[in-house]
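>
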Amino acid sequence: MANPKLPNQPSEEELNSFLSKVDQLDDVLKGLNSQDDDEKIRYTAKADELIEKFENEKKQKENEKLKDTDDPDLPETKFGFSKTIINKDAYKNDPPTGTASSMQGPDFPQGTDAVDQKAFMAAMEADAKERYERKKAAEKVAAVWKEKGNAAFRQGNYQEALDLYDKAISEVRDSSVLYTNRAQAKIKLGKFEEALSDCDWALRAWPNCLKAYVHQGHAQMGLHQWEKARESYKAVLSLDATKGGVVKDYLAEVDRREQAMEEEQKAARLFEDGNEAAHGIVDLLTRVNKADQVPIYYAGGFRVIANLLVDINSQTLFRTNEGLKLPTAHAVLHRCLTSSTASLSREEKDLLSAALDMLTAACKNNETNQQQLLAQSDFSQRLLCLLETKVKVQGRHLRSSCLSLLYEISLTEAGRVALVENVDLVRLIRALFPLMKSSSSYNTTAVAVLNNIALEKKSKTALRDKIESILPAFEDLLKSNETSAKIVGVASSTATNLAADVRIRSKMASRSGLWQSLTQRLTSFNDAGLTESLSNVLGLSVNLSTGVEDTILQCLDTSLTSALNSILVKSHETESRMEPESSNTSGNISDQDGQQEVQLREREITVRALVVLSNILTVNSASVDFISEGGRAAKILEFTKCKECLIYKPALKCLTALTKSCHDVRVLVMDNKGLSTLLNQLTNQDETIVGNAALCLSHLTQDSELDSADKSSKQTLGARVCARLAKTNIVQRLLTLARDGRNSTLQGNCAILLGKLAQGDSRHLERLRELNGIQILHDCMKHVNY
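In this text, residue positions in the sequence shown follow our numbering: the first is -12, and each later residue adds one.
#1: Which of the three DSSP states is assigned to tyrosine 152 in this structure?
#2: Short check: CB of alanine 148 to CB of glutamate 180, under 9 Å?
#3: Using DSSP with H/G/I as helix, E/B as strand and the rest coil, what is threonine 715?
#4: Have a look at aspartate 14 and leucine 197 and give me their C-alpha separation to the nearest angstrom.
#5: If we ignore side chains and look at the alpha-carbon of each, how far apart do arginine 244 and threonine 545 end up?
#6: Compare the C-alpha of glutamine 171 against each of Thr448, Gln146 and Ala192 and name the closest.
#7: Measure the alpha-carbon distance for histidine 751 versus asparagine 716 and round it to whole angstroms.
#8: Pop quiz: alanine 199 and threonine 229 are said to be a contact at Cβ under 8 Å. What is the actual Cβ separation, rounded to whole angstroms?
#9: At the level of alpha carbons, what is the spacing between aspartate 411 and aspartate 365?
#10: So, is histidine 211 buried or exposed, given that buried needs 16 or more other C-beta atoms within 10 angstroms?
#11: Answer yes or no: the CB of lysine 377 versus the heavy atoms of the ligand FAD, is any distance below 8 Å?
#12: State buried or exposed for leucine 722, treating a residue as buried only when at least 16 other CB atoms are found within 10 Å of its CB.
#13: Just to confirm before moving on: does the CB-CB distance between alanine 725 and aspartate 748 stay below 9 Å?
#14: Which ranges does the alpha helix (DSSP H) cover as unbroken runs of at least 4 residues, wholly within the segment 248 to 335, from first to last along the chain?
#15: Tell me the rounded alpha-carbon separation between leucine 737 and valine 611.
#16: Can you say whether threonine 443 is buried or exposed, counting buried as having 16 or more other CB atoms within 10 angstroms of its CB?
#17: For serine 605, does the three-state DSSP call read helix, strand or coil?
#18: Alpha carbon to alpha carbon, how far is isoleucine 268 from lysine 253?
#19: Determine which residues share a DSSP beta bridge with leucine 693 and list them.
#20: Please confirm whether glutamate 283 and leucine 338 have their CB atoms less than 9 Å apart.
#21: When you compare the CB positions of alanine 433 and threonine 481, do they come within less than 9 Å of one another, or not?
#22: Would you say leucine 501 and leucine 458 are within 9 Å of each other, going by their C-beta atoms?
#23: Among the candidates Ile554, Val436 and Ile539, whose CA atom is the shortest distance from the CA of leucine 525?
#24: Please state the DSSP three-state secondary structure of proline 637.
#25: If you scan the segment 400 to 455 from start to end, which runs of the alpha helix (DSSP H) of 4 or more residues do you find wholly inside it?
#26: Taking the C-alpha atoms as reference points, what is the distance between arginine 588 and leucine 682?
#27: Can you find the residues in the same chain that come closer than 6 Å, C-beta to C-beta, to alanine 638, ignoring five residues on each side of it along the sequence?
#28: Using 8 Å as the Cβ pair cut-off and three pairs as the minimum, do the segment 262 to 277 and the segment 324 to 331 touch?
#29: Is methionine 248 buried or exposed, if buried means 16 or more other CB atoms sit within 10 Å of its CB?
#30: Determine, using beta carbons only, whether alanine 478 and leucine 437 come nearer to each other than 9 Å.
#31: Short check: CB of arginine 290 to CB of alanine 341, under 9 Å?
#32: Between which residues of its own chain and valine 413 is the CB-CB distance below 7 Å, once the five residues before and five after are set aside?
#33: By DSSP, does asparagine 736 sit in helix, in strand, or in coil?
#34: I need the boundaries of the alpha helix (DSSP H) containing isoleucine 623, first residue and last residue.
#35: Within 10 Å of its beta-carbon, does lysine 351 have 16 or more other beta-carbons around it, so buried, or fewer, so exposed?
#36: To the nearest angstrom, how far is it from the Cα of arginine 386 to the Cα of threonine 303?
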């Protein structure tokens, strides 16, 4: 006979509920131990939800229990039911509950409760372990399917990727990553409704999943649900404020697509209403698609169409009537594009030029057309082939047409993005560099295309790991005598934009050949007075010398330092000559404007040369020795007395590096009123300037060589400096800076100077004690690098 159910034994339903909770908690614990920060965030939120859910269930059961025990006939009061009196004697003859004797009887053998509890716990642990192992095995299988799906997606096999993601989800149904991956594949296949469903499931698994909102917006764009798409993208920003740039691009794409759809509807209405121009474009497109015609027939048709593409309506009709697909759909044009240029006849090359001119007209100020044209299969590859092929006279017209199309596309932000995403940038840039050296008219177009591409931030990402393959061509461009100064200047600006990326900058700066080429150009441009190109090359030098490893700048020889010194000398002489003329206001306005432009350019050259020199002198001892000799440091001291912060800030950095190791420069500063200049800079609002001024003064105070001005007194230069400074309020100023400064380097430099002053002259020590500065000095010593 089977034992009846024990009073404390759970029902089958309760047991399943309990095991389900165990499984959920086990899943949460694994998620909280994940190495992925996103997973930890998701499972933390899930843990909070489970705790709240379990608490609510517990309260609900307690309420139900109260309802079962309460007497429904009792009147309800303001505070609940009226008091119930329990008969304490009702169970006085019963054994105490929970004892072994209370469970004994004909059907309850002694010890059953303890045995069943142990068995229950053992069964529960075994079941939890089995579930955990099953889940881990399923996750491993799903991970394999996911990686295969990712590989297929990267290769453009979207249907295969979708099938593989399906298999992964069949193993694990609570992974937001799998659902967003599958949604992305469905979007590529145009299955927008199904993609939205996957995004919904991903958000159920993890409500803060950014990718789910992104793909949801993509799918809604595909369904022309513009406002919903905007809401989805804005949800990304509400979850992560750092994604502002990405969200801005997404919202701009929504605007573009919505505008393109409205334009297509308007163009369609024009055609339906019998607009002559609209019908003319559609009719011409039909004619040029006529088969088995000679090349000159098609070339003529393309040129007529190009003349008609004068506004957004005509460009839209060209797009909606398959005009952008001509490079792949038109048999003769496609054959010419895919053939070797050398094998084409003169008429066929003319056909290609006409076709490219037509596409240029279609893409002018039209981002949608630019995007769709470059998305055409193999079209960008054919453009690169045209640029790379060596051609003669007839081919130059073809190359010029090709460059004009690329230039037109590169003028817009969406066009630049399309170029980065669809064109092999390394091949394109390497093809453009030789064209810049050419004396033909399209060398300026080639450099303009390169410069525009460099403006796109995505181009830096695309080139980070490939920049080494481009730099030799750039160095060759700088060295070549065939390259004009103007082209070198623009190309240098392009390289400056690319060098804004830390990794690209480091790779460029580590090339000694590039520094040699830059040095040669700096010298030649300075000698020839080519200020615009000189300023551009200096701009590149500023970027390459800023924020790079010290070892790179330590390896530079003094030829660059010499070139920079020559530039500073000439710039100073030019400004000195122009100062008297600047006070003359009797000249005409155009002359004054021209003079002001020249002055601004000269100041820009001075600032950039000083910045590069300051970066080098900080770490390069050979350059310090070079500038310290021959009176060159005097020019640096003069620049520190300039009223313009952009000039005296880098000049002070140079002077600090020079005074660190050279006694003659320290004497120069002392004998040429440099001490007062440095004292004045201690009141500057820029803490970097103040820190360098304090450090420079420290170098002066610690000079232990005999003062050349008065050797008979056997007083060191440092002692004379300290004595001179004793007549100022420098101690009070330094204590204020050491106490209130926000920059730890500044505080450390002020502490060092205070220490040197106190050692060099007892009056500074007494003043320090009067101001209770010993404790401040002691506190600031932690900022000093010994």
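Think of the CB as a built atom: it goes at the ideal place given N, C-alpha and C, for glycine as much as any other residue.
Well, looking at it:
#1: Here tyrosine 152 carries a helix assignment [DSSP, helix/strand/coil].
#2: Going by C-beta atoms, alanine 148 is not nearer than 9 Å to glutamate 180.
#3: Threonine 715 falls in the coil class under three-state DSSP.
#4: One C-alpha to the other measures close to 22 Å.
#5: Those two C-alpha atoms are separated by around 56 Å.
#6: Of the listed residues, the one whose Cα sits closest to glutamine 171 is Gln146.
#7: Answer to the nearest angstrom: the Cα atoms are 10 Å apart.
#8: About 18 Å separates the CB atoms of alanine 199 and threonine 229; that is not less than 8 Å, and the two are not in contact.
#9: Roughly 11 Å separates the two Cα atoms.
#10: That one is exposed.
#11: With respect to the ligand FAD, the structure shown offers nothing to examine, as it has no ligands at all.
#12: Answer is buried; the Cβ neighbour count reaches 16.
#13: Cβ distance not < 9 Å, so alanine 725 and aspartate 748 don't count as in contact.
#14: For the segment 248 to 335, whole alpha helix (DSSP H) runs of length 4 or above, ordered along the chain, are 263 to 275, 282 to 295, 299 to 307, 313 to 316 and 318 to 325.
#15: The sequence shown places cysteine at residue 737, not leucine. Rounded to whole angstroms, cysteine 737 to valine 611 spans 24 Å at the Cα level.
#16: Note that residue 443 corresponds to glutamate in the displayed sequence, not to threonine. Burial of glutamate 443 is indicated by the presence of at least 16 other C-beta atoms within 10 angstroms of its C-beta.
#17: With the sequence shown as reference, residue 605 is identified as threonine, and serine is not the correct amino acid for it. Looking at threonine 605 - three-state DSSP - the assignment turns out to be coil, as it is neither helix nor strand.
#18: If you take the alpha carbons of isoleucine 268 and lysine 253, they lie about 15 Å apart.
#19: DSSP, once it has assigned bridges, lists Thr703 as partnering leucine 693.
#20: Checking the sequence, you will find isoleucine at residue 283 rather than glutamate. For the 9 Å CB-CB criterion, isoleucine 283 and leucine 338 form a contact.
#21: The Cβ atoms of alanine 433 and threonine 481 lie no closer than 9 Å to each other.
#22: For leucine 501 and leucine 458, yes; Cβs fall inside 9 Å.
#23: Cα-wise, what sits closest to leucine 525 is Ile554.
#24: In this structure, proline 637 counts as helix in the three-state DSSP scheme.
#25: 400 to 409, 412 to 424, 430 to 442 and 444 to 450, all fully within the segment 400 to 455.
#26: One C-alpha to the other measures close to 32 Å.
#27: Scanning its chain for C-beta atoms nearer than 6 Å, with the 5 sequence neighbours on each side dropped, one finds around alanine 638 the residues Leu597, Ile623, Phe626 and Thr627, in chain order.
#28: Verdict: no, contact absent.
#29: Methionine 248 is exposed by the Cβ-count criterion.
#30: Contact flag set, yes.
#31: When the beta-carbon positions are compared, arginine 290 and alanine 341 come within less than 9 Å of each other.
#32: Within the same chain, valine 413 has close Cβ partners Lys453, Ser456 and Ile457.
#33: Per DSSP, reduced to three states, the secondary structure at asparagine 736 is helical.
#34: DSSP places isoleucine 623 inside the alpha helix (DSSP H), whose first and last residues are 619 to 627.
#35: Lysine 351 is buried by the Cβ-count criterion.
#36: Going by the C-alpha atoms only, they are around 26 Å apart.
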